[in-house]
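Novice: Okay, here's the structure, questions in a sec.
Number of protein chains: 2
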Amino acid sequence: MINPKKLRDAGAILKNYKRGEVLFYEDAIARYYYQVDQGEVKMNNYNQEGKEYIQGIFAKGKSFGEPPLFADFTYPANAEAIIDSKVWQLPKDKFLKLLEENPEIHHKFTSTLALRLYYKAIMVSEISTQEPEHRILRILDYFKKNNTTDKTDSLSYKVELTRQQLADLTGLRVETVIRSIKKLEQKGELSIKNRKVYR
Amino acid sequence: MINPKKLRDAGAILKNYKRGEVLFYEDAIARYYYQVDQGEVKMNNYNQEGKEYIQGIFAKGKSFGEPPLFADFTYPANAEAIIDSKVWQLPKDKFLKLLEENPEIHHKFTSTLALRLYYKAIMVSEISTQEPEHRILRILDYFKKNNTTDKTDSLSYKVELTRQQLADLTGLRVETVIRSIKKLEQKGELSIKNRKVYR
DNA sequence: CTTACTTTATGATTAAGATCATAAAATGAA
DNA sequence: TTCATTTTATGATCTTAATCATAAAGTAAG
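Sequence order for the protein chains is A and B. Residue numbers for the first sequence, in the working numbering: 441 to 639. Residue numbers for the second sequence, in the working numbering: 441 to 639.
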């Protein structure tokens with residue numbers, strides 16, 4: 441995350457997106473750096489039959505879609521607002537200039553990319569070799585780790601993802617997620633209180 | 441890839457690994473930067489039943505296992521020599537110093553990470569939503585793109601991967617890969633000449 | 001408050017890829 | 001040049017998650 445003041449000074453503008461609006465499409469050339477100010481954005485792919493895969497969900501303060509700014513390729517996925525959102529948008533050249541002038545920001549992005557690579561490496565291995573319950577626990581733990589601040593009562597984390605989103609993050613079907621979650625509850629791996637999952 | 445002379449000057453040593461030897465294990469702390477001098481190294485995971493997933497295969501000149509050097513996490517996968525190999529090994533602190541003193545190298549690594557993220561994003565989406573034949577073509581095209589030099593006769597690329605490796609790269613079983621490849625040949629998407637795949 | 005939509009839920013059936021079994025080539029080491 | 005291992009191959013069967021069908025709760029908008 442880049443300091444919003446710094447972003448504005450560098451020439452970023454704050455854009456509004458309604459729920460469901462698309463910020464960019466797969467295969468498009470990357471022209472901007474994006475950072476969520478308010479709301480939530482997901483990056484996703486659809487196959488021919490319309491089955492969705494969610495690459496990631498980005499909440500307040502998170503940036504997304506930077507990789508194609510660093511190398512010569514197009515977006516591997518679409519970006520879509522999950523709820524009404526405000527997103528900072530900074531042109532590519534200004535973003536790269538900002539990095540050049542602030543090595544500490546460049547460093548932070550390098551480690552952000554590294555961490556995201558770590559997550560992807562884990563998920564691709566999970567999806568290709570592990571069974572539904574295992575995959576779901578991985579995703580839950582990932583979101584727990586990423587959304588638990590130190591001040592949060594860490595006894596149990598409330599999962600703010602729908603069953604459908606869990607399905608699209610793990611490559612499963614929503615019915616399979618619902619059934620797996622129930623089994624996980626029976627096994628004591630998580631708890632469900634009026635339909636909300638806690639881990 | 442870092443120039444081998446530069447690597448040696450920075451304090452790297454060249455280590456020999458026999459086929460099957462492990463360079464590091466999943467969950468270990470990263471202590472070195474690695475770069476293949478001769479041979480081939482794969483990074484992989486095994487699940488409880490021993491099913492393998494290959495994260496990547498690294499040939500001459502390629503580096504691997506850098507992400508954990510840039511952020512605070514352990515290796516997401518093992519590294520193992522596929523054939524007898526020579527690998528440059530540079531201690532983490534010396535690697536980071538090298539990056540600091542050579543911003544152009546740091547830049548190159550940022551784009552390497554970005555590109556690898558692109559590949560992972562594509563593969564995880566493929567594996568979770570696409571069918572076997574589609575996945576296999578993706579992998580073949582990726583290896584073709586990465587291993588075709590401009591001087592290569594680019595009419596058709598000879599795939600130097602076994603059916604088993606293709607299976608472990610796509611999350612499929614070897615029998616499924618064999619059958620899918622035959623179907624792809626019938627459809628004219630690739631050709632097979634005495635058991636070797638050309639794309 | 002009603003209507004439309006989303007989310008969660010559950011049972012029945014199906015299909016695709018995994019698994020199992022077996023073997024012939026090909027490769028490589030002794 | 002023999003033996004062990006790896007790789008490719010093919011048919012039969014099985015299993016698991018997908019698919020299909022249906023509906024109740026919950027949420028949001030007008």
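In this text, a Cβ means the ideal position worked out from N, Cα and C, and glycines have one as well. Since we're looking at a predicted model, the values are computed, not measured.
In this structure, what does DSSP give as the bridge partners for lysine 502 of chain A?
Specialist: Answer is none; lysine 502 of chain A lacks a bridge partner.
Novice: Mind pulling the alpha helix (DSSP H) runs of 4 or more residues that sit fully within the stretch 519-573 of chain B?
Specialist: Runs found: 532-541 and 543-569.
Novice: Kindly indicate which residue of B:Ser631, B:Ile545 and B:Leu624 has the alpha-carbon position closest to the one of alanine 595 of chain B.
Specialist: A small correction: the amino acid at residue 595 of chain B is leucine; alanine does not occupy that position in the sequence shown. When only C-alpha atoms are compared, the closest one is B:Ser631.
Novice: Do glutamate 461 of chain B and alanine 499 of chain B have their CB atoms nearer than 8 Å?
Specialist: Taking 8 Å as the Cβ cut-off, glutamate 461 of chain B and alanine 499 of chain B do not qualify as a contacting pair.
Novice: Spell out a yes or no on whether the stretch 523-530 of chain B and the stretch 472-481 of chain A are touching, meaning 3 or more CB-CB pairs, one atom from each, closer than 8 Å.
Specialist: Judged by Cβ distances under 8 Å, the stretch 523-530 of chain B makes no contact with the stretch 472-481 of chain A, as fewer than three pairs qualify.
Novice: Taking a contact to mean a Cβ-Cβ separation below 8 Å, would you say threonine 569 of chain B touches tyrosine 493 of chain A in this structure?
Specialist: Cβ distance < 8 Å, so threonine 569 of chain B and tyrosine 493 of chain A count as in contact.
Novice: Any idea what DSSP makes of leucine 612 of chain A, helix, strand or coil?
Specialist: Coil.
Novice: I want to see whether chain B comes within less than 8 Å of methionine 563 of chain A, judged by CB atoms only; does it?
Specialist: Yes, methionine 563 of chain A counts as interfacial toward chain B.
Novice: Any idea if lysine 560 of chain B is buried or exposed, counting beta-carbon neighbours within 10 angstroms, 16 or more meaning buried?
Specialist: The residue is buried, with at least 16 neighbouring Cβ atoms inside 10 Å.
Novice: Please compile the residues from chain B whose C-beta is within a distance smaller than 8 Å of the C-beta of isoleucine 567 of chain A.
Specialist: Residues of chain B passing the Cβ test: Val564, Ile567, Ser568 and Gly611.
Novice: Do you know offhand how far glutamate 625 of chain A's Cα is from arginine 619 of chain A's?
Specialist: For glutamate 625 of chain A and arginine 619 of chain A, the distance between alpha carbons rounds to 10 Å.
Novice: How about arginine 578 of chain A: is its C-beta nearer than 8 Å to some C-beta of chain B?
Specialist: It does not: the Cβ of arginine 578 of chain A has no partner Cβ on chain B nearer than 8 Å.
Novice: From lysine 633 of chain B to leucine 580 of chain B, what does the alpha carbon distance come to, in whole angstroms?
Specialist: Between lysine 633 of chain B and leucine 580 of chain B, the C-alpha separation is close to 16 Å.
Novice: So with CB distances below 7 Å, who are the chain B contacts of serine 551 of chain A?
Specialist: Result: Phe510 and Ala511.
Novice: Which runs of the beta strand (DSSP E), 3 residues or longer, sit entirely within the stretch 444-520 of chain B?
Specialist: As far as the stretch 444-520 of chain B is concerned, its whole beta strand (DSSP E) runs of at least 3 residues are 453-457, 462-464, 472-478, 480-486 and 492-499.
Novice: If we call anything under 8 Å between Cβ atoms a contact, is phenylalanine 504 of chain A one with valine 481 of chain A?
Specialist: The answer is yes: Cβ separation under 8 Å.
Novice: Taking a Cβ distance cut-off of 9 Å, strictly less, list which residues of the stretch 471-495 of chain B are near chain A, in chain order.
Specialist: From the stretch 471-495 of chain B, only Met483, Asn484, Asn485, Tyr486, Asn487, Gln488, Glu489, Lys491, Glu492, Tyr493 and Gln495 have a Cβ closer than 9 Å to chain A.
Novice: Determine the chain A residues that contact leucine 463 of chain B at a beta-carbon separation under 9 Å, and present them in chain order.
Specialist: Within chain A, no residue comes near leucine 463 of chain B; the closest Cβ sits about 16 Å away, beyond 9 Å.
Novice: For a test of your reading of the model: does the CB of threonine 589 of chain B fall under 7 Å from any non-hydrogen atom of the ligand GDP? Yes or no.
Specialist: This structure lacks the ligand GDP, and indeed carries no ligand of any kind.
Novice: Which bits of chain A does alanine 517 of chain B rub up against, with CB to CB less than 8 Å?
Specialist: Within chain A, the residues near alanine 517 of chain B are Ala561 and Ser565.
Novice: Expressed to the nearest angstrom, what Euclidean distance is found between the alpha-carbon atoms of threonine 514 of chain A and tyrosine 582 of chain B?
Specialist: Rounded to whole angstroms, threonine 514 of chain A to tyrosine 582 of chain B spans 15 Å at the Cα level.
Novice: Measure from the alpha carbon of leucine 454 of chain B to the alpha carbon of each residue in B:Pro531, B:Pro516 and B:Glu506, then state which is nearest.
Specialist: The shortest Cα separation from leucine 454 of chain B among B:Pro531, B:Pro516 and B:Glu506 belongs to B:Pro531.
Novice: Assuming the contact rule is C-beta atoms closer than 8 Å, leucine 538 of chain B and alanine 450 of chain B should be a hit. Round their C-beta distance to whole Å, please.
Specialist: Indeed they touch by this definition, with Cβ atoms about 5 Å apart.
Novice: Can you give the Cα-Cα distance for lysine 534 of chain B and methionine 483 of chain B, rounded to whole angstroms?
Specialist: Roughly 23 Å between the two C-alpha positions.
Novice: Tyrosine 597 of chain B lies in the beta strand (DSSP E); which residues open and close that run?
Specialist: Here tyrosine 597 of chain B belongs to no beta strand (DSSP E), and DSSP marks it neither H nor E.
Novice: In angstroms with no decimal places, state the Cα-to-Cα distance between leucine 557 of chain A and methionine 563 of chain B.
Specialist: Answer to the nearest angstrom: the Cα atoms are 12 Å apart.
Novice: Determine the contact status of isoleucine 442 of chain B and glycine 479 of chain B, defining contact as a CB-CB distance below 8 Å.
Specialist: In this structure, glycine 479 of chain B does not lie closer than 8 Å to isoleucine 442 of chain B by Cβ.
Novice: With distances taken from CA atoms, which of B:Lys445, B:Thr610, B:Asn542 and B:Lys446 is nearest glycine 496 of chain B?
Specialist: Considering only alpha carbons, the answer is B:Thr610.
Novice: For serine 631 of chain A, which residues does DSSP report across the bridge?
Specialist: Paired residue(s): A:Tyr638.
Novice: With 8 Å set as the bound, which would you pick, yes or no: does the beta-carbon of leucine 557 of chain B sit closer than that to a beta-carbon of chain A?
Specialist: Closer than 8 Å: yes.
Novice: In chain order, what residues of the same chain have a beta carbon less than 7 Å from the beta carbon of proline 508 of chain B, not counting five sequence neighbours either side?
Specialist: Excluding sequence neighbours, proline 508 of chain B sits near Ala470, Thr514 and Tyr515.
Novice: Return the CA-CA distance between lysine 627 of chain A and proline 572 of chain A, expressed in angstroms with no decimal places.
Specialist: Computed Cα separation, rounded: 14 Å.
Novice: Straight-line CA distance for leucine 553 of chain A to asparagine 518 of chain A?
Specialist: About 18 Å.
Novice: Can you pull the chain A residues whose beta carbon is under 7 Å from the beta carbon of proline 507 of chain B, in chain order?
Specialist: The contacting residues are Ala554, Leu557 and Tyr558.
Novice: DSSP three-state label for isoleucine 576 of chain B, please.
Specialist: Helix at isoleucine 576 of chain B.
Novice: Within a Cβ cutoff of 6 Å, which residues of the same chain sit near threonine 616 of chain A, ignoring the five residues on either side of it in sequence?
Specialist: Cβ neighbours of threonine 616 of chain A beyond the five flanking positions: Pro572.
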